[in-house]
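Engineer: Sequential numbering of the sequence shown, starting at 16, is according to our numbering. For each residue, glycine too, the CB sits at the ideal point set by N, CA and C. The structure presented is a predicted model; accordingly, all values stated were derived computationally and were not measured. This is the structure, below, for whatever I ask next.
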Amino acid sequence: MNNPAFQHIVEADYRPVNIGFPPPDIRHDDNGVWHIRPLETLGQYPSRVTERLVSGARDFPERTLMAARGPNGEWIHISYAEMLARVRCIGQWLLDRGLSVERPLLVLSGNDLEHIQLMLAAMYVGIPYSPVSPAYSLVATDYGKLRHIIGTVTPGAVYAADGGAFAKAIDGAVEAGVEIILGKGELPGRKTVMFTDLLATEARDADAANAAVGPDTIAKFLFTSGSTKLPKAVITTNRMLCANQQMLLQTFPFFAEEPPVLMDWLPWNHTFGGSHNVGIALYNGGSYYIDDGQPTPKRFGETLRNLREISPTVYFNVPKAWEDLTVVLEQDAQLRDKFFARLKLFFFAGAGLSQAAWDRLDRVTEAHCGHRIRMMVGLGMTETSPSCLFSTGSVIGAGYVGLPAPGCEVKLVPIDGKLEARMRGPHVMPGYWRNPEQTREVFDEEGYFCTGDALKFVDEAEPQIGLVFDGRIAEDFKLSSGTFVSVGPLRAKVITAGAPYVQDVVVAGMNRDEIGLLVFGRVAECRQLSGLGEEADLFEVMTHATVRDYFKELLRRVNQTATGSANRVAWIRLLETLPSIDHSEVTDKGSINQRAVLARRADLVEALYNQQDPFVIKA
Numbered sequence: 016m017n018n019p020a021f022q023h024i025v026e027a028d029y030r031p032v033n034i035g036f037p038p039p040d041i042r043h044d045d046n047g048v049w050h051i052r053p054l055e056t057l058g059q060y061p062s063r064v065t066e067r068l069v070s071g072a073r074d075f076p077e078r079t080l081m082a083a084r085g086p087n088g089e090w091i092h093i094s095y096a097e098m099l100a101r102v103r104c105i106g107q108w109l110l111d112r113g114l115s116v117e118r119p120l121l122v123l124s125g126n127d128l129e130h131i132q133l134m135l136a137a138m139y140v141g142i143p144y145s146p147v148s149p150a151y152s153l154v155a156t157d158y159g160k161l162r163h164i165i166g167t168v169t170p171g172a173v174y175a176a177d178g179g180a181f182a183k184a185i186d187g188a189v190e191a192g193v194e195i196i197l198g199k200g201e202l203p204g205r206k207t208v209m210f211t212d213l214l215a216t217e218a219r220d221a222d223a224a225n226a227a228v229g230p231d232t233i234a235k236f237l238f239t240s241g242s243t244k245l246p247k248a249v250i251t252t253n254r255m256l257c258a259n260q261q262m263l264l265q266t267f268p269f270f271a272e273e274p275p276v277l278m279d280w281l282p283w284n285h286t287f288g289g290s291h292n293v294g295i296a297l298y299n300g301g302s303y304y305i306d307d308g309q310p311t312p313k314r315f316g317e318t319l320r321n322l323r324e325i326s327p328t329v330y331f332n333v334p335k336a337w338e339d340l341t342v343v344l345e346q347d348a349q350l351r352d353k354f355f356a357r358l359k360l361f362f363f364a365g366a367g368l369s370q371a372a373w374d375r376l377d378r379v380t381e382a383h384c385g386h387r388i389r390m391m392v393g394l395g396m397t398e399t400s401p402s403c404l405f406s407t408g409s410v411i412g413a414g415y416v417g418l419p420a421p422g423c424e425v426k427l428v429p430i431d432g433k434l435e436a437r438m439r440g441p442h443v444m445p446g447y448w449r450n451p452e453q454t455r456e457v458f459d460e461e462g463y464f465c466t467g468d469a470l471k472f473v474d475e476a477e478p479q480i481g482l483v484f485d486g487r488i489a490e491d492f493k494l495s496s497g498t499f500v501s502v503g504p505l506r507a508k509v510i511t512a513g514a515p516y517v518q519d520v521v522v523a524g525m526n527r528d529e530i531g532l533l534v535f536g537r538v539a540e541c542r543q544l545s546g547l548g549e550e551a552d553l554f555e556v557m558t559h560a561t562v563r564d565y566f567k568e569l570l571r572r573v574n575q576t577a578t579g580s581a582n583r584v585a586w587i588r589l590l591e592t593l594p595s596i597d598h599s600e601v602t603d604k605g606s607i608n609q610r611a612v613l614a615r616r617a618d619l620v621e622a623l624y625n626q627q628d629p630f631v632i633k634a
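Here is the structure:
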């Protein structure tokens, strides 16, 4: 292996070691296209998602499937048997209201016990359900995306956890005749029903409806976050979800050895939280604890509280949460004892984890456990339900995404000097709902889904080692000189070098002479760096001399290893406004949309290149 950014894994240092599968068949044709096909075949999987709920209710009826804290702070548990009984009643109510693929169930609010019951009930009786980012109702101000989503799926019923909190969004986006299911509160003048009333329905036809559900029955519509276009509804079938869970099980066989326990906050309107993580618990007879915390200064304490009570067997989170958790683990012996008691696997997604943060987590894990715990990452997307590749190879390092799971065929096609990843398999969507034109655009002539993600081999001479994420094809551009700028690696380099003060980076320079960076700083960390109090606004923080001096030094360090105009940065501009979800600058996952930021701030970029902005930090 000739890439110094990656190191070989010594399996004895990591546990468990029963991860992975045989190296795939890899071929390279005369057109420069790589074909990667797993040698391990995908095992049999159920025809419908809820088969695992039915078998769980039969085989271990009292085992907790879902749990969440109640108003008094105590855990409320729903067992497999109780969940099935509730699902049958709710499913009958949905059938009685005439819900169908043309009039599905829409959920506006986030993760809670009512949400999961509605989710499984709709799937049980073959009615699609569509979870929507709560930010489209609670953060957005014009409700444009929410109206688009509702117009796309035309729901027959809508659930909101709190009538008061969602009243404005419902009045602004949901047609008057659509029935609203409420967890609590009220909506005067609206046709509403309380969630608890659904449980009183007699399950007359629910089982017969369940028997008619098959692999091609649509389980859910998941909306992509949207970039320059409005969000698209990804058709997600029972086959896709079940096949992907079987792919996961064959990748991580220990899921079958002990029922997995998850403690998770990741949103169910996103494929990672709602399909991947919920699916792992259900498919493998496990238990899922809803975490009301988040990796923010105000809410991370709730995550820590939960982890002091529940010992997960596998833990998923985003990089920011891993960084914050590592700091606490270093200091809190009680938390270490509880957190590591049964833990077998780490996993992150949503963004890149810096190698420094990764190494720090390894150190605290090894000091406590006597060995490291494997940190997994992969490549997936909403359209592939979601998982395609996992870092199961023999190396480890930030950016490494590994090899395709059983059942996933990968094709790497040369485009503009990069290799675009394309996927084919039973986990890939049939298309976008009510959008045949965009469906045609994303499949090639051989039926592969064109992801837009670029991958490259760790070492082309030994392709079986695996693949590295190489950015998004659409984000890359050329300078006026014709020099090609690869956005993904440069962005990752700056975020890593600027930790913990950089939240995200937008790379500018298309058709310009040089590269510039628009930087979203981490507000809490930059405020602390500045020494200003909590009352200081974002403009004061980002223009403070101490903060500007730090980023001046960061710019110097980034350019120390630059090899030319393709990765030398001419200036940095700290943004004193937060990214806007209304303008698609940020997704509900928190990731930044490069194109949308540049488009919305085109006047600022123009001023920066014309040297008319007083706050620019120059190299």
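Indicate the three-state DSSP secondary structure (helix, strand or coil) for Cys-423 in the structure shown.
Structural biologist: DSSP places Cys-423 in coil when its eight states are reduced to three.
Engineer: Using the Cβ count rule (16 or more neighbours within 10 Å means buried), how would you classify Arg-314?
Structural biologist: Flag for Arg-314 reads exposed.
Engineer: Does Glu-568 come out as helix, strand or coil in the three-state DSSP assignment?
Structural biologist: Three-state result, Glu-568: helix.
Engineer: Check each candidate in Phe-355, Phe-270, Val-517 and name the one with the smallest Cα separation from Leu-593.
Structural biologist: That would be Val-517, whose Cα lies nearest to the Cα of Leu-593.
Engineer: Just to confirm my understanding: we take Ala-82, look at its own chain, exclude 5 residues before and 5 after, and list those with CB closer than 6 Å. What are they?
Structural biologist: Contacts found: Trp-90, His-92, Tyr-304.
Engineer: Taking 7 Å as the cut-off, decide whether the C-beta atoms of Thr-407 and Arg-375 are in contact.
Structural biologist: Not a contact, by the Cβ cut-off of 7 Å.
Engineer: May I have the straight-line CA-CA distance separating Leu-344 from Asp-474, to the nearest angstrom?
Structural biologist: Those two C-alpha atoms are separated by around 35 Å.
Engineer: Would you mind sorting Arg-455 into buried or exposed? The rule is 16 or more other CB atoms within 10 Å of its CB.
Structural biologist: Exposed, since its Cβ has fewer than 16 Cβ neighbours within 10 Å.
Engineer: Kindly indicate the opening and closing residues of the alpha helix (DSSP H) around Ala-614.
Structural biologist: Run containing Ala-614: 609-615, per the alpha helix (DSSP H) assignment.
Engineer: Compute the beta-carbon to beta-carbon distance between Pro-146 and Gly-308, rounded to the nearest angstrom, for a pair I have assumed lies under 8 Å.
Structural biologist: That pair is no contact at about 20 Å.
Engineer: Smallest Cα separation from Asp-352: which of His-383, Asn-332, Ser-62, Leu-123?
Structural biologist: Of the listed residues, the one whose Cα sits closest to Asp-352 is His-383.
Engineer: Between Pro-419, Lys-508, Asp-628, which lies nearest to Thr-56 when the distance is taken from Cα to Cα?
Structural biologist: When each option's Cα is compared against that of Thr-56, the closest is Pro-419.
Engineer: By Cβ distance below 8 Å, which residues in the same chain neighbour Gly-229 in space, the five residues on each side in sequence not counted?
Structural biologist: Correct list, in chain order: Ser-62, Arg-63, Asn-253.
Engineer: Arg-506 and Val-522 - do their beta-carbons sit closer together than 7 Å?
Structural biologist: It is a contact, given that the beta carbons lie within the stated cut-off.
Engineer: Looking at the structure shown, is Gly-229 part of a helix, part of a strand, or coil, going by DSSP?
Structural biologist: Coil, per DSSP.
Engineer: Check whether the Cβ atoms of Leu-623 and Gly-531 sit closer than 7 Å, and answer yes or no.
Structural biologist: Contact flag set, yes.
Engineer: Which runs of the beta strand (DSSP E) fall wholly inside the segment 118-205 and span at least 3 residues, in chain order?
Structural biologist: Taking only runs of at least 3 residues, the beta strand (DSSP E) segments lying wholly in the segment 118-205 are 120-122, 144-146, 172-177, 194-199.
Engineer: So, using beta-carbon positions, are Leu-263 and Ala-234 closer together than 7 Å?
Structural biologist: Against a cut-off of 7 Å, the Cβ pair of Ala-234 and Leu-263 comes out as no contact.
Engineer: Could you check how far apart the C-beta atoms of Leu-237 and Thr-397 are, in whole angstroms? I think they sit under 8 Å.
Structural biologist: The Cβ separation is near 5 Å, so the contact holds.
Engineer: Using a 10 Å radius around the Cβ and a threshold of 16 neighbouring Cβ atoms, would you call Ile-295 buried or exposed?
Structural biologist: Classification of Ile-295: buried, given that the 10 Å Cβ count is 16 or more.
Engineer: Excluding the five sequence neighbours on either side, which residues of its own chain have a C-beta within less than 6 Å of the C-beta of Phe-635, listed in chain order?
Structural biologist: Here the chain comprises residues numbered 16 to 634, so residue 635 is not present and cannot be evaluated.
Engineer: Grouping DSSP H, G and I as helix and E and B as strand, with all else coil, what is Tyr-60?
Structural biologist: Correct three-state label for Tyr-60: coil.
Engineer: Taking the beta strand (DSSP E) that Ser-402 falls in, what are its first and last residues?
Structural biologist: Looking at the DSSP string, the run of the beta strand (DSSP E) that includes Ser-402 is 402-405.
Engineer: Considering only the beta carbon of each residue, do Tyr-447 and Ala-258 sit closer than 7 Å?
Structural biologist: Not closer than 7 Å, so no.
Engineer: Tell me the residue span of the alpha helix (DSSP H) that contains His-383.
Structural biologist: Note, His-383: alpha helix (DSSP H), 370-384.
Engineer: Among Leu-99, Arg-615, Leu-80, whose alpha-carbon lies nearest the alpha-carbon of Val-276?
Structural biologist: Among Leu-99, Arg-615, Leu-80, the Cα nearest to that of Val-276 is on Leu-80.
Engineer: Thr-511 to Ser-369, Cα distance in whole Å?
Structural biologist: If you take the alpha carbons of Thr-511 and Ser-369, they lie about 5 Å apart.
Engineer: Whole angstroms is fine: what's the gap from Gln-609's alpha carbon to Gln-265's?
Structural biologist: The alpha-carbon atoms of Gln-609 and Gln-265 are separated by roughly 36 Å.
Engineer: Who are the near neighbours of Gly-106 in its chain, counting only those whose CB is closer than 6 Å to its CB and skipping five residues on each side?
Structural biologist: Ala-136, Tyr-139, Val-140, Ala-221, listed in sequence order.
Engineer: Distance, Cα to Cα, Asp-459 vs Met-438?
Structural biologist: Roughly 10 Å between the two C-alpha positions.
Engineer: If you draw a straight line from the alpha carbon of Asp-528 to that of Ile-587, how long is it in whole angstroms?
Structural biologist: Near 15 Å, if we compare the C-alpha coordinates of Ile-587 and Asp-528.
Engineer: How many angstroms separate the CA atom of Ala-614 from the CA atom of Asp-491?
Structural biologist: C-alpha separation (whole angstroms): 15 Å.
Engineer: Could you pull the start and end residues of the beta strand (DSSP E) that Lys-433 belongs to?
Structural biologist: That run of the beta strand (DSSP E) goes 433-439.
Engineer: Nearest CA to the CA of Arg-42: which residue from Asn-225, His-291, Leu-153, Pro-478?
Structural biologist: When each option's Cα is compared against that of Arg-42, the closest is Pro-478.
Engineer: Between the C-alpha atoms of Arg-84 and Asn-292, what's the straight-line distance to the nearest angstrom?
Structural biologist: One C-alpha to the other measures close to 19 Å.
Engineer: On the DSSP bridge list, what partners appear for Gly-393?
Structural biologist: According to DSSP, which records beta bridges pairwise, Gly-393 is partnered with Phe-405.
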